[in-house]
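> For the first sequence, UniProt numbering assigns the number 1 to the initial residue and increments by one for each residue that follows.
Even glycine gets a Cβ: it sits at the ideal position worked out from N, Cα and C.
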Amino acid sequence: MQLSLSLSKPAQHLKNPLMAASGSGSIMWFRKGLRIHDNPALEYASKGSDFVYPVFVIDPHYMEPDPKAFSPGSRLAGLNRIRFLLESLVDLDTSLKKLGSRLLILKGEPGQVLIRCLKEWGVKKLCFEYDTDPYYQALDIRVKEYASAAGIEVFSPVSHTLFNPADIIQRNGGKPPLTYQSFLKPAGQPSWASSPLLTSISSLPPVGDVGSCEISEVPSIKDLGYGDIEQEWIPFRGGESEALKRLKESISDKEWVANFEKPKGNPSAFVKPATTVLSPYLKFGCLSSRYFYQCLQDVYKNVQKHTSPPVSLAGQLLWRDFFYTVAFGTPNFDRMEGNKLCKQIPWNDDDELLAAWREARTGYPWIDAIMVQLRKWGWMHHLARHSVACFLTRGDLFLHWERGRDVFERLLIDSDWAINNGNWLWLSCSSFFYQYNRIYSPISFGKKYDPNGDYIRHFLPVLKDMPKEYIYEPWTAPPGIQRKAKCIIGRDYPKPVDLPCICMQLGVILIFTLMLVSVVYHDSASKECKRKLAEAYALNQKLNGQLSQEDLDNLRRKLEQDEDLEPKIRRQRQKVGHLT
DNA sequence: GTCTCGTTGCTGTA
DNA sequence: TACAGCAACGAGAC
């Protein structure tokens, strides 16, 4: 019996316990993996089942508005990602309906809701994609415990990544490999690589009786309590259909796929981004990474030569698995403290500087334009992420990578726990990458790709009429040029200043009142950062990475004292600098 | 202990 | 556009 017609009625009207009790039912619990293609959990749920309950639980913490957050959205996610998720759910629901099923939306704490469904619906199987994120690890233990005690079979296959991180760690002697190359060896070829994946399903068993569980349609942004909030146009729409369309477009250009080299991409390309922009679809599992990998292998087979990992497109999927593996095998991966892989560094704590970075008013147009793109689109090119992450941490501001990680985690539509933390560890030279003398310039790095500054003009329209000679360093533009460009630096757009020097000369209070005065001179700041990192590295080496809070505090004090020894040099620098 | 190598730096020079 | 020089780290292999 097909129940999808009657499900539009309130759930109470559907109560028919006999129906669920008389057949064998399964719950397909969607969390990530919001797709039909290559979904082994869904496949198993429907096998031999009279009924399948496709469930998604809306967790209010993740979805409902938090007025205290620094951007529109919930406590945990910015509005762009919430919208992307809702679009993905609508698309999934549409696909399920075509197959004779539908998506059942429930609300509440996911563990409690799931256990209630298990009790109410009398199913024999619970199926969901395995997830290595700590949140799901903890949640799944609870749900599995209940299911096991209730005699319900649990099927939780690995299908979010190419490999099972636990397998790689085991093959690597119980420890996660810490370099990409040493990851490739135990990884080898994926076991499923040469056999076809199930990419389509012709039909699904009907949904069973939902009893007294409250089921709703996929809510809109408005339904979630955001009112009639005006949504910025963004070029990425959520959902499996969109993911497969985007994948098809990307791989149809075989030459582009074959020649893809990630580090050569242009971070300032925004009309047509230099990458596939499939990351948000991989994040939510709208696209199977395994299917993507197979599609790439098909292209590689049919071209004479192609690029290889780590720079190739397939190499990008392996990077994803690399970070998943290290993250899974490392306690406290998302923190400096208690994280064995992470250098212990006495980062500064400064809310004003953090806010200037987050709110795109550092005074460096390249940095600020990237942060605007992050806010507006929830996505920016990988190298653009590098620029702003380096600037926040080891390049200029010397602020804690965890603060930047939090901002990315909230605002990115593709924010992924393992990859985001891994990249912040990398960029801050806290782990994986240690060449702290290689610093991205907030001026010349962007200029190299986009000398005219079109990217800046687009995302920072206040600078749209600034001549290209000055657009990366607008504080150097003569007053006449600034007037002509209708952008007075220090009034319409911030100028970068040497914060420690100003603090000494004018007092800290003044700084906090000058909202249009921002951040640092890159030259002096980056030198300071290098000096601090050299000292922190030396102490980490001396103490074998076992730094206590007291060690860090002492080092911080020492670094601050050393900084005070240089005011004369600094003042000299300011006199000869461009700012007057 | 020594050596090689590492997805993605910058500047100056030819 | 390509390369040297800059300053220089750690994981992993041996």
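1) For residue 339, count neighbouring Cβ atoms within 10 angstroms of its own Cβ and tell me buried if that reaches 16, exposed if not.
2) For the stretch 451–467 against the stretch 358–367, are there 3 or more C-beta pairs whose distance is under 8 Å?
3) Closest to residue 399 by CA distance: which of 351, 414, 437, 436 is it?
4) Would you identify the three-state DSSP class for residue 201, choosing helix, strand or coil?
5) Enumerated in chain order, which unbroken segments of the alpha helix (DSSP H) with a length of 4 residues or greater are wholly contained in the stretch 318–395?
6) Short of 6 Å in beta carbon distance, which residues of its chain neighbour residue 243, apart from the five on each side in sequence? Order them along the chain.
7) Which of helix, strand or coil does DSSP assign to residue 154?
8) Across which residues does DSSP place residue 26 in a beta bridge pair?
9) To which residues does DSSP link residue 415 through a beta bridge?
10) Would you mind working out which of 362, 298, 127, 59 sits nearest residue 148, comparing C-alpha positions?
11) For residue 386, collect the residues of the same chain with a Cβ closer than 7 Å to its Cβ; drop the 5 residues on either side in sequence, then sort them by chain order.
12) Ends of the alpha helix (DSSP H) at residue 532?
13) When you compare each of 160, 521, 358 to residue 372 by their alpha carbons, which one comes out closest?
14) Classify residue 320: buried if its beta carbon has 16 or more other beta carbons within 10 angstroms, exposed otherwise.
15) For residue 516, which residues of its own chain have a beta-carbon under 7 Å away from its beta-carbon, when the five flanking residues on both sides are left out?
16) Considering only their Cβ atoms, is the gap separating residue 348 from residue 556 smaller than 9 Å?
17) Does the Cβ of residue 328 have 16 or more other Cβ atoms within 10 Å, making it buried, or fewer, making it exposed?
18) Taking the alpha carbon of residue 536 as the reference point, which residue from 460, 430, 29, 58 has its own alpha carbon closest?
19) Three or more C-beta pairs closer than 8 Å, one from the stretch 67–80 and one from the stretch 210–218: is that the case here?
20) Which residue from 159, 181, 476 puts its Cα closest to that of residue 43?
21) Where do the ends of the beta strand (DSSP E) carrying residue 104 lie?
22) Does the Cβ of residue 532 have 16 or more other Cβ atoms within 10 Å, making it buried, or fewer, making it exposed?
23) From what residue to what residue does the alpha helix (DSSP H) around residue 233 run?
24) How close, in whole Å, do the beta carbons of residue 590 and residue 525 come, if the pair is a contact with beta carbons under 8 Å?
25) Secondary structure at residue 89, three-state DSSP: helix, strand or coil?
26) With a cut-off of 8 Å on the beta carbons, I'd call residue 309 and residue 318 a contact; round off their distance for me.
27) Name, in chain order, the residues that DSSP records as bridge partners for residue 210.
28) For residue 59, tell me which candidate among 311, 291, 52, 85 has the shortest Cα-Cα distance.
29) Which of helix, strand or coil does DSSP assign to residue 581?
30) Any chance the stretch 264–282 sits against the stretch 234–250, with 3 or more Cβ pairs inside 8 Å?
31) Along the chain, where does the alpha helix (DSSP H) containing residue 256 start, and where does it finish?
32) Which first and last residues belong to the alpha helix (DSSP H) in which residue 451 is found?
33) Is the distance from the Cβ of residue 129 to the Cβ of residue 41 below 9 Å?
34) Residues in its own chain within less than 7 Å of residue 559 by CB, not counting five upstream and five downstream?
35) Following the continuous alpha helix (DSSP H) through residue 296, name the residue where it begins and the one where it ends.
Taking the structure as given:
1) For the purposes of this step, residue 339 is taken as residue 339 along the first sequence, with counting starting at 1. Residue 339 should be labelled buried.
2) yes
3) For this step, residue 399 is matched to residue 399 along the first sequence. It is 351 whose Cα lies nearest to the Cα of residue 399.
4) As a first step, residue 201 is located in the first sequence; it is residue number 201 there, counting from the start. In the structure shown, residue 201 sits in coil (DSSP, three-state: anything other than H, G, I, E or B).
5) 351–358, 365–377, 382–390
6) On the first sequence, residue 243 is found 243 positions in, with the first residue counted as 1. Same-chain partners within the cutoff: 281, 286, 287.
7) Position 154 of the first sequence, counted from the start, is the residue given in the question as residue 154. Three-state result, residue 154: strand.
8) Position 26 of the first sequence, counting from 1, holds the residue named residue 26. For residue 26, which the question treats as bridged, DSSP gives the partners 52, 125.
9) On the first sequence, residue 415 is found 415 positions in, with the first residue counted as 1. DSSP, once it has assigned bridges, lists no residue as partnering residue 415.
10) For the purposes of this step, residue 148 is identified with residue 148 of the first sequence, where counting begins at 1. Cα-wise, what sits closest to residue 148 is 127.
11) Stepping through the first sequence from its first residue, residue 386 is reached at position 386. Excluding sequence neighbours, residue 386 sits near 427, 440.
12) For this step, residue 532 is matched to residue 532 along the first sequence. Secondary structure note for residue 532: its alpha helix (DSSP H) is the uninterrupted segment 522–542.
13) Looking up residue 372 in the first sequence gives position 372. If we check each option's Cα against that of residue 372, 358 comes out closest.
14) On the first sequence, residue 320 is found 320 positions in, with the first residue counted as 1. Looking at its Cβ environment, which holds 16 or more other Cβ atoms inside 10 Å, residue 320 is buried.
15) Position 516 of the first sequence, counted from the start, is the residue given in the question as residue 516. Unreliable positioning characterises residue 516 in this predicted model, as indicated by a pLDDT of 44, which lies under 50. The coordinate reading is nonetheless provided below. These residues qualify, in order along the chain: 490, 491, 494.
16) By 1-based counting over the first sequence, the position of residue 556 is 556. By 1-based counting over the first sequence, the position of residue 348 is 348. In contact: residue 556 and residue 348 (Cβ atoms closer than 9 Å).
17) Here residue 328 refers to the residue found at position 328 when the first sequence is read from its first residue. With 16 or more Cβ atoms within 10 Å of its Cβ, residue 328 is classed as buried.
18) Within the first sequence, the letter at position 536 stands for residue 536. Of 460, 430, 29, 58, the residue nearest in Cα terms is 430.
19) no
20) The count along the first sequence starts at 1 and reaches residue 43 at position 43. Residue 43 has its Cα closest to that of 159, out of 159, 181, 476.
21) Sequence index remark: in the first sequence, residue 104 carries index 104 (1-based). Note, residue 104: beta strand (DSSP E), 104–107.
22) On the first sequence, position 532 is the one that residue 532 refers to. Buried: at least 16 other Cβ atoms inside 10 Å.
23) Numbered from 1 along the first sequence, position 233 holds the residue referred to as residue 233. Per DSSP, residue 233 belongs to no alpha helix (DSSP H) and is neither H nor E.
24) Summary: the structure shown does not reach residue 590, with the chain confined to residues 1 through 580, and so no result is reported for it.
25) Sequence index remark: in the first sequence, residue 89 carries index 89 (1-based). Helix.
26) Taking the first sequence and counting its residues from 1, one reaches residue 309 at position 309. Taking the first sequence and counting its residues from 1, one reaches residue 318 at position 318. Contact flag correct, Cβ pair sits at about 5 Å.
27) Against the first sequence, residue 210 aligns to sequence position 210. None; residue 210 has no bridge partner.
28) Along the first sequence, one-based indexing puts residue 59 at 59. Minimum Cα distance to residue 59 is reached at 85.
29) The requested residue 581 does not occur in the structure, where the chain is confined to residues 1 to 580.
30) Yes, the stretch 264–282 touches the stretch 234–250.
31) Your numbering for residue 256 matches position 256 in the first sequence. Looking at the DSSP string, the run of the alpha helix (DSSP H) that includes residue 256 is 254–259.
32) Residue numbering aside, residue 451 sits at position 451 when the first sequence is read from its first letter. Counting along the chain, residue 451 falls outside any alpha helix (DSSP H), and DSSP gives it neither H nor E.
33) Translated into the one-based positions of the first sequence, residue 129 becomes position 129. Translated into the one-based positions of the first sequence, residue 41 becomes position 41. Contact: yes.
34) Position 559 of the first sequence, counted from the first residue, corresponds to residue 559. Around residue 559, the same chain offers 346, 532, 535 as residues with beta carbons nearer than 7 Å, after the five sequence neighbours per side are excluded.
35) Counting from 1 along the first sequence, the entry for residue 296 is found at position 296. Run containing residue 296: 289–301, per the alpha helix (DSSP H) assignment.
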